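What follows is a set of notes on a single structure, which appears directly below.
In full-length UniProt numbering, the protein residues as written are 1 to 337.
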């Protein structure tokens, strides 16, 4: 498809963007990537479980898992595969309605941002002049300290900023906005799954058969949960943000990694994700306990729980309740042995 440039320059032709890797489309890669991330990351934590590595960071003991979980690992494994297959099918169906990523308009789109930056800078100069600041003199002073800005043939400052915004800031904003939008959808759908007794009994309670979560149990869900809580939420996030299929590969990869991390059962002393989002393994583990079932609904961010009054962060109380659960599970296992 040929389009006339809005700035009056030569028209550009839109064409399908070549895949990131030859032999597989970006759409299919966006569906396969989260599954690969899920099992590779889960494998790392499973090895730690088997060999007792990093046991000092585990939230729960093996006795707790055996005594409290209501589903076997084999059943969890089979249902997880089923859910992943269902989500892949949903992705293929939704992808069939889209045109896919197109290329050819990059220079035009970049020029738009350069034009916006230039207009903003001109407006800024006018504001400075109103305050009595001589911008040309200020610019000359800056160039003495940063001569690269005035080097002949070098890009002007507006070009540098506009290009940076187009290639880096806009995709980063789309990524973050998609994640926030998906997380908002997940929070309210997730909360509905707990406040509506019928939905919880017949659908969402499947996931809560895991009172002691482990890495690959994060995708153990009822099929409807997989479709709406996970699948549709991210589809809405991608649609609202206008994110490209290629960028969605990284979005889905990160989301899957976060899901595994939330269910892995290990709390490490410093977690950069916790520092940014306010959520980690401990945050989500509280939600899996009988005493925290209607709190900490957020998947990526804690802000919705904080705003809606469902945030549970009393560390002293949480610690006491976990010890109580651990003692009860160990007593149960000792009676059975």
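Yeah, the Cβ is synthetic: ideal placement off N, Cα and C, and Gly gets one too. Computed from a predicted structure; not experimentally measured.
Buried or exposed for residue i, going by 16 or more other Cβ atoms inside 10 Å?
i	result
residue 114	buried
residue 389	Any answer about residue 389 is impossible in this case: the structure gives the chain only from 1 up to 337.
residue 15	exposed
residue 258	buried
residue 22	exposed
residue 144	exposed
residue 202	exposed
residue 193	buried
Using DSSP with H/G/I as helix, E/B as strand and the rest coil, what is residue i?
i	result
residue 16	strand
residue 131	coil
residue 24	strand
residue 206	helix
residue 11	coil
residue 286	helix
residue 335	helix
residue 300	coil
residue 156	coil
residue 212	coil
residue 277	helix
residue 141	helix
residue 259	helix
residue 293	coil
residue 226	helix
residue 32	helix
residue 97	coil
May I ask you to list the residues that DSSP assigns as paired with residue i?
i	result
residue 186	Answer is none; residue 186 lacks a bridge partner.
residue 266	58
residue 102	16
Fill in: Validate contact between the segment 59-73 and the segment 314-329 using beta carbons, cut 8 Å, 3 pairs
yes
Worksheet item: Are the segment 121-139 and the segment 167-178 in contact at 8 Å, needing three or more beta carbon pairs?
Response: no
Worksheet item: Do the segment 220-234 and the segment 69-89 meet, that is, are 3 or more Cβ pairs less than 8 Å apart?
Response: yes
Item to complete: At 4 residues or longer, and completely inside the segment 49-94: list those alpha helix (DSSP H) runs for me, N to C.
Response: 62-68
Fill in: the segment 32-47 / the segment 211-218 touching (three or more Cβ pairs under 8 Å)
yes
Fill in: At least 3 beta-carbon pairs within less than 8 Å: the segment 230-243 vs the segment 301-314
no
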